[in-house]
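J.: Before I ask anything, here is the structure I am working with.
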Amino acid sequence: MDEERINMSLLKSSFLSDRQWAIVASIFMMATSAMGPGFLTQTAVFTVKLGAAFGFAILISILIDYVVQQNIWRVVTLTQMRASDIANKALPGSGYLLAFLVILGGFFFSVGNIAGAALGLNALFGLDTKWGGILSGALAILIFASKKATLAMDKSMIVLGLLKILLIIIVAVIVMPPVGQAVQQTFAPDQIDFAIITTIVGGTVGGYICYAGAHRL
0 MDEERINMSL
10 LKSSFLSDRQ
20 WAIVASIFMM
30 ATSAMGPGFL
40 TQTAVFTVKL
50 GAAFGFAILI
60 SILIDYVVQQ
70 NIWRVVTLTQ
80 MRASDIANKA
90 LPGSGYLLAF
100 LVILGGFFFS
110 VGNIAGAALG
120 LNALFGLDTK
130 WGGILSGALA
140 ILIFASKKAT
150 LAMDKSMIVL
160 GLLKILLIII
170 VAVIVMPPVG
180 QAVQQTFAPD
190 QIDFAIITTI
200 VGGTVGGYIC
210 YAGAHRL
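Residues 0 to 216 in numbering that gives the first Met the number 0 are what the sequence shown lists, from first letter to last.
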């Protein structure tokens with residue numbers, strides 16, 4: 000009897016530990032997925048075009064991102080159903096279309112992420128982009144092939160997420176942007192470009208990112 004209680008206690012402890020890793024990993028997945036190579040390239044181009052006023056577009060994308068994620072995460076986690084199944088319940092057949100679009104978006108996101116990793120390795124170590132892409136893809140395959148892939152992904156997500164945030168902070172400190180002007184233009188921009196806002200929202204809020212975080216929970 001005591002042995003059963005001990006085993007149950009160990010199982011419960013293991014479940015809670017894995018659950019905590021999953022929640023933290025989901026947070027980092029959502030926080031860092033929007034800071035991929037495509038987003039960084041877009042922000043560089045749009046900052047040149049709009050200057051500090053681009054901060055307004057970022058603010059709008061954050062607000063929309065928050066509302067969309069809150070709704071999707073709540074519906075998926077409370078119903079305990081996959082998003083495609085929920086869509087099929089609401090409108091028969093729409094779930095298959097949703098799944099196709101998310102898979103298609105995920106494919107192109109993954110291609111962009113591997114290319115971004117290759118460019119990063121090239122910038123850091125001078126490694127040929129082809130080899131950088133191969134190494135990045137191989138690392139992803141090893142993580143998914145692991146018997147404990149879920150826990151491995153959770154831990155790697157947190158470590159790499161922290162590293163990415165740290166690097167962004169370091170770059171921001173070195174560049175020393177005009178913070179005061181950026182804050183002012185974020186809330187009272189001189190110009191507003193809705194096409195740019197739509198592009199940024201699509202790259203940060205996109206279904207691939209939202210559903211990935213929700214399904215991880």
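We put the beta carbon where it would ideally sit given N, CA and C, even for glycine.
How would you label residue 69, buried or exposed, when you count the other beta carbons within 10 angstroms and need 16 or more for buried?
T.: So residue 69 ends up on the exposed side.
J.: May I have the straight-line CA-CA distance separating residue 90 from residue 62, to the nearest angstrom?
T.: About 28 Å.
J.: Which of the three DSSP states, helix, strand or coil, is assigned to residue 145?
T.: Three-state result, residue 145: coil.
J.: Do residue 44 and residue 157 come within 7 Å of each other at the CB atom, strictly closer than that value?
T.: Taking 7 Å as the Cβ cut-off, residue 157 and residue 44 do not qualify as a contacting pair.
J.: Should residue 114 and residue 97 be called a contact, given that it needs their Cβ atoms to be closer than 7 Å?
T.: Not a contact, by the Cβ cut-off of 7 Å.
J.: With a threshold of 8 Å on Cβ separation, who are the neighbours of residue 9 within its own chain once the five nearest residues in sequence on each side are excluded?
T.: Only weak support is given to the placement of residue 9: the predicted model assigns it a pLDDT of 47, under 50, and the value that follows is read from those uncertain coordinates. Result list for residue 9: empty, nothing under 8 Å.
J.: Restricting to runs no shorter than 3 residues, where is the beta strand (DSSP E) found entirely within the region 63-142?
T.: Whole beta strand (DSSP E) segments, 3+ residues: zero.
J.: Can you grab the Cα-Cα spacing for the pair residue 143 / residue 187, in whole Å?
T.: Cα to Cα, residue 143 sits roughly 45 Å from residue 187.
J.: Is residue 53 closer than 7 Å to residue 202 when the C-beta atoms are compared?
T.: Against a cut-off of 7 Å, the Cβ pair of residue 53 and residue 202 comes out as no contact.
J.: What three-state label does DSSP hand residue 34 in the structure shown?
T.: Three-state DSSP puts residue 34 in coil, outside helix and strand.
J.: Cβ of residue 36 versus every heavy atom of the ligand COA: is any distance shorter than 6 Å?
T.: Of ligands this structure carries none, so the ligand COA is not represented either.
J.: In the DSSP assignment, find the alpha helix (DSSP H) that holds residue 52 and state where it starts and stops.
T.: Segment: none, residue 52 is in no alpha helix (DSSP H) and carries neither H nor E.
J.: Specify the secondary structure class of residue 197 as computed by DSSP and reduced to three states.
T.: Note: residue 197 maps to helix in three-state DSSP.
J.: Give me the Cβ distance between residue 116 and residue 131, rounded to the nearest whole Å; I'm assuming they're in contact under 8 Å.
T.: With a Cβ gap of about 6 Å, residue 116 and residue 131 count as contacting.
J.: Are the Cβ atoms of residue 60 and residue 167 separated by less than 7 Å?
T.: The answer is no: Cβ separation not under 7 Å.
J.: Assuming residue 36 and residue 123 make a contact with CB atoms under 8 Å, what is their CB distance in whole Å?
T.: Not a contact, Cβ separation roughly 14 Å.
J.: Sorted by chain position, which residues of the same chain lie with C-beta nearer than 8 Å to residue 46's C-beta, five sequence neighbours on each side aside?
T.: 53.
J.: For residue 67 and residue 74, I'd like the C-alpha separation in whole angstroms.
T.: Answer to the nearest angstrom: the Cα atoms are 11 Å apart.
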